[in-house]
Structure formats: C-alpha cells, structure tokens
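2 protein chains.
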Amino acid sequence: MRGGVASLRRPVATSTDSASRTEILDAAAEAFMQKGFAATSIDDVCDLLGATKGRVYHHYRSKTDLFFDVHLRGMEMDLAAVQEAAQQEGAAIDRLRAMASAHITVIIQNFAYQRVAVQGLEMHLAGQTTEQQRATLKHILNLRDKYEKLFSDTIEEAIREGAIPHQNVRIVVKAFFGALNWTTLWYRPRRNQSAADRKALADTIVDFAMSGLRMAK
Amino acid sequence: MRGGVASLRRPVATSTDSASRTEILDAAAEAFMQKGFAATSIDDVCDLLGATKGRVYHHYRSKTDLFFDVHLRGMEMDLAAVQEAAQQEGAAIDRLRAMASAHITVIIQNFAYQRVAVQGLEMHLAGQTTEQQRATLKHILNLRDKYEKLFSDTIEEAIREGAIPHQNVRIVVKAFFGALNWTTLWYRPRRNQSAADRKALADTIVDFAMSGLRMAK
DNA sequence: TGCAAACAACGTACTCGGTAGTATGTATGC
DNA sequence: GCATACATACTACCGAGTACGTTGTTTGCA
Chain A
1 MRGGVASLRR
11 PVATSTDSAS
21 RTEILDAAAE
31 AFMQKGFAAT
41 SIDDVCDLLG
51 ATKGRVYHHY
61 RSKTDLFFDV
71 HLRGMEMDLA
81 AVQEAAQQEG
91 AAIDRLRAMA
101 SAHITVIIQN
111 FAYQRVAVQG
121 LEMHLAGQTT
131 EQQRATLKHI
141 LNLRDKYEKL
151 FSDTIEEAIR
161 EGAIPHQNVR
171 IVVKAFFGAL
181 NWTTLWYRPR
191 RNQSAADRKA
201 LADTIVDFAM
211 SGLRMAK
Chain S
1 MRGGVASLRR
11 PVATSTDSAS
21 RTEILDAAAE
31 AFMQKGFAAT
41 SIDDVCDLLG
51 ATKGRVYHHY
61 RSKTDLFFDV
71 HLRGMEMDLA
81 AVQEAAQQEG
91 AAIDRLRAMA
101 SAHITVIIQN
111 FAYQRVAVQG
121 LEMHLAGQTT
131 EQQRATLKHI
141 LNLRDKYEKL
151 FSDTIEEAIR
161 EGAIPHQNVR
171 IVVKAFFGAL
181 NWTTLWYRPR
191 RNQSAADRKA
201 LADTIVDFAM
211 SGLRMAK
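Sequence lines, in order, name chains A and S. Quick note: the first sequence, position 134, residue 134 per UniProt numbering, numbers continuous. Quick note: the second sequence, position 114, residue 114 per UniProt numbering, numbers continuous.
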C-alpha cells in the first residue's frame with residue numbers, strides 16, 4: 001500500500017524517469033491519445049512497446065496510476081516551458097504572449113501527452129478512484145490551478161498596466177485557454193510539415209487569443 | 001440488417017423521437033457526459049432511466065448507435081439555432097456575433113448533448129465501428145463540416161466587407177470554436193445561477209471570440 | 001360489436017468475450 | 001544468493017449483446 005502513485009518505491013508523485021519508464025510513458029501517451037483511457041487496454045500499450053504486461057505492472061500498480069503519470073508529465077512539460085517565459089522582464093502583455101506561445105509549442109511538440117492531459121480534465125467527475133489515487137489527482141489539480149493562475153495573474157497585471165481593458169478574468173482566461181487547447185482536438189501532426197509551418201500555426205492561434213483580450217465589449 | 005442506425009424501422013438517421021426515445025436519449029446524454037462513452041455501461045443509462053436493458057435495446061441496436069444518436073441530436077440543436085441567426089440580414093460581422101451567441105447558448109442550455117458531441121470528435125480515430133455505423137458517422141461529420149463552413153464563410157464575408165483584417169480563416173475558425181466550445185470542459189450548470197448570469201457568461205465569451213478576429217498580427 | 005391474433009414495448013435471465021490484475025517463472029547484473 | 005527487470009500463464013469479473021417471457025394495445029374479420 002505504501003509508495004507513491006507514480007513510483008512504487010519513491011515517496012510521492014514526482015514523475016521518475018528511468019529510460020524504461022519513459023518508454024512506457026511514451027507508449028501509454030500514444031495509446032491513451034488514440035483510444036482514450038477507458039477504451040485503451042494495457043495490452044494496447046504493450047503492443048506499442050513490444051513488451052508484455054509484466055513490464056508495465058512492474059513499474060505501475062494500475063492502469064489509472066499509469067494514466068495519472070502521463071497526465072502529470074504533460075503538465076510538468078507545460079509548467080517548465082511557461083514558467084520560464086513568465087519570469088522574463090518586460091511588460092505583462094509581452095510576457096503573456098511569450099507564455100501562450102510556449103504553451104502552444106509544447107502542445108504541438110508533445111501532442112500525445114497534452115491530449116491525455118485534456119482527457120484527464122474530464123475524469124474528475126467519474127469517482128472510480130482509490131484513496132491513494134485521489135491524492136495524486138489532487139496534486140495534479142493543484143498543478144493545473146497553479147498553471148492557470150500563472151496566466152490569469154499576468155492578464156490582471158496587463159489590465160493594471162493599461163495594455164488591455166477591464167474584463168472578467170475568471171471567465172476570459174477559460175476562453176483564452178480554449179482557443180489554445182482546442183488545438184489538441186483537431187490538429188494532427190504531419191511529417192511533411194516544416195518547423196516554419198508549425199510556427200505559423202502557433203503564431204496565428206496566439207494572435208487570435210491575444211487579440212481576444214484587447215477589447216471588452 | 002436493414003434500417004437506419006437511429007431507428008430500427010425508419011430508413012435513415014433523422015433522429016426519430018417518440019417520447020420514450022427522447023427519455024432514453026436524455027439519460028444517455030447525461031451518462032455519457034459523466035463518464036464518457038467507453039466507461040459508460042448500458043446499465044448506467046438504465047439506472048438513470050429507471051428501466052432495464054430491454055428498453056434500450058428495443059430502440060437501439062448497440063451502444064454505439066445510441067451514442068451516435070445523442071451526438072446527432074446535439075448537432076441538430078446547434079444547426080437549428082445557428083442557421084436562423086445566419087440567415088438574418090445585416091453586416092456579416094453582426095451575423096457572426098449572433099451565430100456565436102446562439103451557439104454558446106445551446107451549449108449552456110443543452111449541456112450534456114453538447115459535451116457528448118465534443119467527445120464524438122475524438123472517436124473518429126478509434127476504428128471500432130461496423131460498416132453501417134461508418135455511414136452515420138460520415139453523416140455526422142458532414143453536418144459538422146457544414147456547420148463549421150457556416151462560420152468560416154461568414155468570417156470570410158466579414159473580411160471582404162472590411163470589418164476584420166485578412167487572416168488564415170482555416171486556422172482561425174478552429175481557435176474561434178475553441179474559445180466557445182471549451183466551455184463544455186469547465187462550465188458546470190448551477191441551479192442558483194440566474195438567466196442573467198448565464199447571459200453575462202455567454203456575452204463575455206462571445207466578446208472574446210469576436211475580438212480575436214479583429215486583428216491579424 | 002366482439003374476439004383473437006399480431007405486434008409493440010418493455011423486463012428477466014442468460015452467454016461469452018475482453019480485460020485488469022495476479023502469481024509465478026526466469027535471466028541478468030551486483 | 002539476492003534483487004531488479006521483465007515474460008508467461010493464469011483468474012475473476014464486468015459488461016455488451018441475445019433469447020425469451022410478459023403485458024398492453026392495435027388491427028383484421030366475422
């Protein structure tokens with residue numbers, strides 16, 4: 001019963017990598033992205049891995065724990081990229097743009113993980129989790145709140161600096177994320193798509209989201 | 001083998017209501033919304049119904065068919081509301097706002113159906129469908145394309161009218177929908193929330209989305 | 001008008017395949 | 001010889017779909 005969700009032998013859920021675990025996570029992210037959590041079997045993950053159940057269950061107690069770890073990794077990627085942009089100097093509105101840009105870049109580059117993270121948002125309703133798992137779920141939700149606050153704080157700062165008009169930040173930040181995150185539901189990574197193409201895509205979406213803040217009413 | 005997906009005895013998938021069927025659809029929408037398609041059992045739907053499998057399988061061939069019909073109903077609600085707004089007279093930019101407003105109003109009022117429709121977007125990847133079902137799926141996708149085209153056409157019209165600058169409509173319309181549809185992933189209908197509250201919420205989001213189109217770069 | 005067959009609209013009780021999780025074996029470093 | 005890092009071979013259960021029974025209502029026909 002002891003041990004974190006992400007690891008069987010380390011205390012709590014800082015996602016532990018060990019090459020092999022990262023491989024499992026990558027395969028799981030891919031599988032969960034393709035079929036969703038409930039419809040994905042552990043054997044599906046194993047097929048992508050070229051391995052069997054033994055390997056997965058050696059590292060993870062349950063399918064749910066595996067899913068949570070993928071979700072967690074996705075959020076950590078986001079936080080790492082965005083926090084850096086958030087701590088730059090300059091006007092709030094410029095930092096916000098940099099943050100949004102970093103966010104969507106992570107989405108495009110680590111597509112599977114981010115899509116799983118979005119799926120995870122919908123799972124809170126279903127109560128099919130053990131007590132142990134609720135703890136990690138809470139941890140993930142805290143990360144999410146912290147992440148969203150990073151954005152809403154910067155938006156409010158930009159309002160105080162007069163760069164954008166007053167508006168209901170609580171709601172607007174949702175629409176802001178919506179414009180960015182919706183990408184996970186329609187975009188499909190293509191091989192023949194150049195880095196410039198991806199940057200153009202990201203810029204267009206960021207422009208849209210930033211413009212959305214420019215005028216209240 | 002004959003008969004549509006939505007009905008066992010009527011030709012094709014115009015969703016047929018008959019009081020009892022509508023009850024089943026409502027329960028299914030609620031269940032699918034709460035747990036997602038794969039995690040929802042027919043018995044879950046039956047519990048919400050206060051009935052048993054016999055009733056559901058009397059009206060629907062399979063769980064997938066039931067899901068498709070919910071999805072279809074959701075899209076029909078959207079189309080009905082938005083098409084009316086789209087056929088008004090006036091500047092394209094004004095019609096577009098009316099369309100967006102109608103869209104999000106439907107989302108808020110028929111929350112379960114709309115959430116299921118969003119889920120349906122992700123299911124195309126998984127190929128677990130029969131030949132019959134692929135037909136209805138194609139039909140649903142056509143509705144979706146038609147729906148999106150309704151918006152992108154109006155956006156292009158607004159560009160020609162000079163109301164908004166040139167921009168990549170193909171991408172921007174996705175971000176536009178994202179800002180609106182993301183609501184299904186965070187909003188929870190509340191009893192104590194007045195009609196005015198809901199209108200304020202809708203207006204804020206529509207304002208954001210419309211503003212997003214105002215400036216390219 | 002009356003009645004019986006037919007059918008619609010369910011409920012009940014079963015089957016059967018898929019899948020999460022487990023128990024156990026095995027190789028390979030240390 | 002002991003633990004890590006897996007593979008193999010099970011079990012136990014859940015849930016989709018089915019077969020069949022039951023009740024109420026409509027319809028064909030004398």
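Glycine included, C-beta positions come from ideal geometry on N, C-alpha and C.
- It is roughly 20 Å from the alpha-carbon of R21(A) to the alpha-carbon of D78(A).
- I107(A) and E161(S) have their C-alpha atoms spaced approximately 34 Å apart.
- Between A179(S) and A158(S), the gap from beta carbon to beta carbon reaches 7 Å or more.
- With 16 or more other CB atoms across the displayed protein chains lying within 10 angstroms of its CB, A100(S) is buried.
- Within the region 161-176 of chain S, contact with chain A at the beta-carbon level (separation under 8 Å) is assigned to Q167, N168, I171, V172, K174, A175, F176.
- Annotation: M215(A) is outside any alpha helix (DSSP H) and is labelled neither H nor E by DSSP.
- Residues of the region 185-207 of chain A whose Cβ lies closer than 7 Å to any Cβ of chain S, in chain order: L185, W186, L201, T204, I205, D207.
- H71(A) is positioned such that its CB atom lies no closer than 7 Å to that of A135(A).
- Annotation: Y60(A) to M33(A) spans about 19 Å, alpha carbon to alpha carbon.
- Taking all protein chains in view, the Cβ of T183(S) is crowded by 16 or more other Cβ atoms within 10 Å, so the residue is classified as buried.
- Going by DSSP, I171(S) is part of the alpha helix (DSSP H) stretching over 169-181.
- Look at A163(S) here: in three-state DSSP terms it is coil, with no helix or strand label.
- Spatial neighbours of E30(A) in its own chain (CB-CB distance under 8 Å, excluding positions within 5 residues in sequence) are listed in chain order as L48, A112.
- When only Cα atoms are considered, E148(A) and Q88(A) end up about 18 Å apart.
- Interface flag for M99(S) against chain A is unset, since no Cβ pair is found closer than 7 Å.
- Around the beta carbon of N110(A), 16 or more other beta carbons sit within 10 angstroms, so the residue counts as buried.
- CA-to-CA, the gap between V206(A) and I104(A) works out to about 8 Å.
- Between A102(S) and A81(S), the C-beta spacing is below 7 Å.
- When DSSP assignments are scanned along the UniProt domain "HTH tetR-type" (18-78) of chain A, the uninterrupted stretches of alpha helix (DSSP H) that are 4 or more residues long and fall wholly within it turn out to be 20-35, 42-49, 53-59.
- Under the 7 Å criterion on CB atoms, R214(S) is classed as interfacial with respect to chain A.
- Taking a Cβ-Cβ threshold of 7 Å, the residues of chain A close to L121(S) are L185, in chain order.
- Secondary structure at E122(A): helix, using DSSP grouped into helix, strand and coil.
- Inclusion of F151(A) and V169(A) in the CB contact set at 7 Å is not warranted, their separation being larger than that value.
- The contact set of G74(S) on chain A, defined by CB atoms closer than 8 Å, is empty, because the minimum CB distance reaches about 15 Å.
- Under the Cβ criterion of 7 Å, G36(A) is counted among the residues facing chain S.
- Cβ-Cβ separation between L185(A) and L121(S): approximately 6 Å, consistent with a contact (criterion under 8 Å).
- DSSP places S101(S) inside the alpha helix (DSSP H), whose first and last residues are 92-109.
- Residues are counted here when their Cβ sits less than 9 Å from a Cβ of chain A; for the UniProt domain "HTH tetR-type" (18-78) of chain S these are M33, Q34, K35, G36, F37, A38, A39, T40, given in chain order.
- Between D69(A) and L25(A) the beta-carbon gap is near 6 Å, inside 8 Å, which marks them as a contact.
- Between the alpha carbons of K53(S) and S41(S) lies a gap of roughly 10 Å.
- At a cut-off of 7 Å, the C-beta of S211(S) has a neighbouring C-beta in chain A.
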